[in-house]
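In case it helps, our numbering puts the sequence shown at residues 986 to 1660. All C-beta atoms, glycine included, are put in the ideal place defined by N, C-alpha and C. Treat the numbers as computed from the prediction; the structure is a model and nothing was measured. What follows is a set of notes on a single structure, which appears directly below.
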Amino acid sequence: MPAAIAETDVAAGTVAQVAVEARVGSLSGLFDYAIPHDLTGVVRVGQRVRVPFGKRSVMGFVYALQPAAAVLELKPIEAVIDQEPMLPALLLELAALVADHYVVPIDEVIRAIVPARVRAVVKRTARRRRQSRILKQAGSLPPVATVVLEPEQQAARERIDVALRRQESQVFLLHGVTGSGKTEVYLALLEDLLERGGQALVLVPDIALTPQTVARYAARFPGRIAVLHSALTEAERAAEWWRIRRGEADIVIGPRAAVFAPLPRVRLIVIDEEESSAYKQERLPRYHAPTVARWLAQRTRAVLILGSATPSVVAYHAAVTGTDHLLELPHRAQGLPLPPVTIVDMRQEIAAEHRSPLSRALQSAIAGSLARHEQSILFLNRRGLSTFVMCRDCGVVRECPHCSVALVYHAALNRLQCHYCATTEAMPRRCPACGSRFIKSFGIGTERVEQEVRSLFPAARVLRLDRDVMRTADAADVVFERMAAGEADILVGTQMVAKGLDLPGVTTVGVVNADTGLHFPDYRSAERTFSLLTQVAGRAGRSTRASQVLIQTYTPEHPAIRHARYHDYRGFYREELEVRRAYRFPPFTELIVATYGHRDQQRAERDARAMAEHLSATIALLKLGDIQVLGPSPAFLYRLKDEFRFEVTLKGADLHRAAQALPRGRGWSLDVDPM
Ligand code: ADP
Ligand code: ZN
Ligand code: ZN
């Protein structure tokens, strides 16, 4: 234990700002300490130190050292824990920005972005690294031949390369249709960059679902890649962190958290499919990786590339009107056409008394592909889709006893399950409400579609991919490999089959339920639907064989569906932007949602109302009358794990002005820039 240092030993001149691990709930989490004489010159930014906090002694990270006139009132640092700074100053700076913008204490941010073993273990344990299956396989692949970029790809690469060479922090939105060769552009840029000694960060929405993509990077840059996938153990995660920190990997590929990878010389940040909601963390701290990447790029003078076939309206707007640069790849590589899309109006199927979840047109398309020994992908939109259980006599839907959602029926288990709290129960034989025996499952799920496919096409080899199949980290990988090897004819899946797959054998793509995601109380539901449909459609036509896409819908007139029919991003964007303008949603305004939960229903509403009134009053006092306070209103998930939940929403420009007024007490949680 460090010896106590007398107050008189304190040097006047330098103040250390320390991010304390105190769980005090203060906004910044940063506190000033004096540096005692014997630690002058020893204390450095990024070091762990021990500091007095109230009556306790706590651990903290030195965030900054600043000259100051009067330090005598400050308590001194007690001891330095490690000689070498553990955290790079840049990472601390990012943590502070996250803490500030998302209104989370900085110690909580540090806990979330630095692996537990890195923070806790004083002695570094060098463990053997277990390589991911993908890297192992890629290691045994022959080195890939570099493709020659096509003129559009080359033009985009040159524009970005100028900024890279000048070390200018610029943001490029690379909008390229599915299969336009965006990844080849990234690979070419990375090759040049690595030759010049630079390093790069590549973010993908979900590592487990993009094995093909990761393998392409690994094959191109053998031995120089760190993959931060979710299957790493804590020890492996810490080992990778140190390997990256020591500069032993030049490219880090990972999901959203990889934006905090401690790369010493990051010059390029690539965010593929920037619109993906996987980049927003749904638990604390609720950060958005592309936003954090912007801050990182500014501070390191790095280049940020946001890539997408269907950019978010916010990102496209920023590229068209703001300081970001728009680069477009409007054609597929190798002269391949985008596949034609047919809209199937399911209301006509019902009128024709055709009751299968697969329309007649889709069935004949699948049959055609089968006959030609080609493959099909059937996509079910998971959002808004569930197989619930309802009584046909009294109409009561079986709900979770702890959450206000219907229980989901799993045919394979013959059980009902809550997808929010994991409660399960046996499928009831009689309606618990009225005793009727006419209780059955409604709606369609992947299992139901799989059954239908098997009974319609008994000779076909069928694979299914959804959350239930994803029991192991490599499950998706195995399914994709079997499709690629031609060992299956039909793949049925949810969101997991929608993106990234480049399978030349696929000539039919069917969207079973295009519109279920449209009816969410969420300002991005149209954008999400358009994006999904366009991405799924993009799985077809990856070879010179004729392909087709069929989209089944009950609302063919919806803009998200109309424009997906022609792969028309601009058309969708223009229409959607006007909706956002009219209803004041991003990019025209900012949002913060404060949610309050309490086990007592009346308490929940009363407390939330009191806070909304207090918030309005404070905002008036701060002369921020342009900021709207909406609610309280019941949350979409009104009851969750036995708590009743109400939301208060702030809407307006520059909401950060109201940061000090935001509710932060027990029961409250904040979501800044919800999506
Ligand atoms: P995106 O990232 O835009 O979806 P990819 O980079 O995955 O596109 O490219 C789609 C397909 O086209 C891949 O199979 C890729 O190998 C191929 N491709 C891309 N660019 C070229 C090129 N210049 N020459 C030959 N093939 C290319
Ligand atoms: Zn009943
Ligand atoms: Zn539940």
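- Judged by the Cβ position, Ser1426 fails to qualify as a neighbour of ligand 2 at the 7 Å threshold, every heavy atom of the ligand being at least this far.
- Distance check between Arg1209 and each of Ser1215, Val1244, Gly1183 places Gly1183 closest, using alpha-carbon atoms only.
- Here DSSP, grouped into helix, strand and coil, assigns Ala1263 to helix.
- For Arg1584 and Arg1630, the gap between their C-alpha atoms comes out near 9 Å.
- Distances from the alpha-carbon of Pro1443 to those of Leu1355, Tyr1551, Pro1247 put Leu1355 closest.
- As computed with DSSP, Glu1632 is found in a beta bridge with Thr1580, Ser1618.
- Rounded to the nearest whole angstrom, the C-alpha separation of Pro1296 and Ile1424 is 43 Å.
- Taking 7 Å as the cut-off, the C-beta of Cys1379 counts as close to a heavy atom of ligand 2.
- Annotation: the continuous beta strand (DSSP E) that includes Arg1033 extends over 1033 to 1038.
- DSSP lists Ala1019 as the bridge partner or partners of Pro1061.
- Here DSSP, grouped into helix, strand and coil, assigns Pro1275 to helix.
- Inclusion of Val1162 and Leu1314 in the CB contact set at 8 Å is warranted, their separation being smaller than that value.
- DSSP places Tyr1508 in the coil class of the three-state scheme, outside both helix and strand.
- Annotated three-state conformation of Lys1167 is helix, per DSSP.
- Assigned with DSSP and collapsed to three states, Val1305 falls in helix.
- Look at Cys1376: its beta carbon is less than 7 Å from one of the heavy atoms in ligand 2.
- With 7 Å as the limit between CB and the heavy atoms of ligand 3, the residues that fall short of it are Cys1385, His1387, Cys1388, Val1390, Cys1403, Tyr1405, Cys1406, Thr1408, Lys1626.
- Under DSSP, the beta-bridge partners assigned to Leu1289 are Val1156, Ile1254.
- If the five residues before and after Leu1321 are omitted, its C-beta is found closer than 8 Å to the C-beta atoms of Gly1164, Gly1526, Arg1527, Ser1528, Thr1529, all from its own chain and listed in chain order.
- For Tyr1394, the uninterrupted beta strand (DSSP E) run begins and ends at 1393 to 1395, by DSSP.
- When only Cα atoms are considered, Arg1271 and Leu1188 end up about 17 Å apart.
- Contact check for Thr1580 against Glu1632 passes: the beta carbons are separated by less than 8 Å.
- Boundaries of the beta strand (DSSP E) harbouring Ser1361: 1360 to 1364, taken from the DSSP string.
- Inclusion of Pro1090 and Gly1014 in the CB contact set at 8 Å is warranted, their separation being smaller than that value.
- Per the coordinates, the alpha-carbon of Ala1352 lies some 54 Å from the alpha-carbon of Arg1102.
- Judged by the Cβ position, Glu1135 qualifies as a neighbour of ligand 1 at the 7 Å threshold, a heavy atom of the ligand being closer than this.
- Under a 10 Å Cβ-count criterion, Phe1557 is classified as buried, with 16 or more other Cβ atoms of the shown protein chains found around its own Cβ.
- DSSP, reduced to helix, strand and coil, places Met1044 within a strand of the structure shown.
- Taking a C-beta distance under 8 Å as the contact criterion, Ala1294 and Thr1519 qualify as a contact pair.
- The straight-line gap separating the alpha-carbon atoms of Gly1166 and Ala1004 is approximately 44 Å.
- In the three-state reduction of the DSSP assignment, Gly1320 falls in the helix class, which pools H, G and I.
- The beta-carbon distance between Glu1259 and Ala1300, rounded to whole angstroms, is 6 Å. This is short enough to meet the 8 Å contact definition.
- For Lys1167, the distance from the CB to the nearest heavy atom of ligand 1 is below 7 Å.
- Of the heavy atoms belonging to ligand 1, at least one sits nearer than 7 Å to the Cβ of Asp1487.
- Relative to ligand 2, the beta carbon of Ala1418 is positioned inside 7 Å of a heavy atom.
- A Cβ-Cβ separation of about 14 Å leaves Pro1275 out of contact with Leu1253 under the 8 Å criterion.
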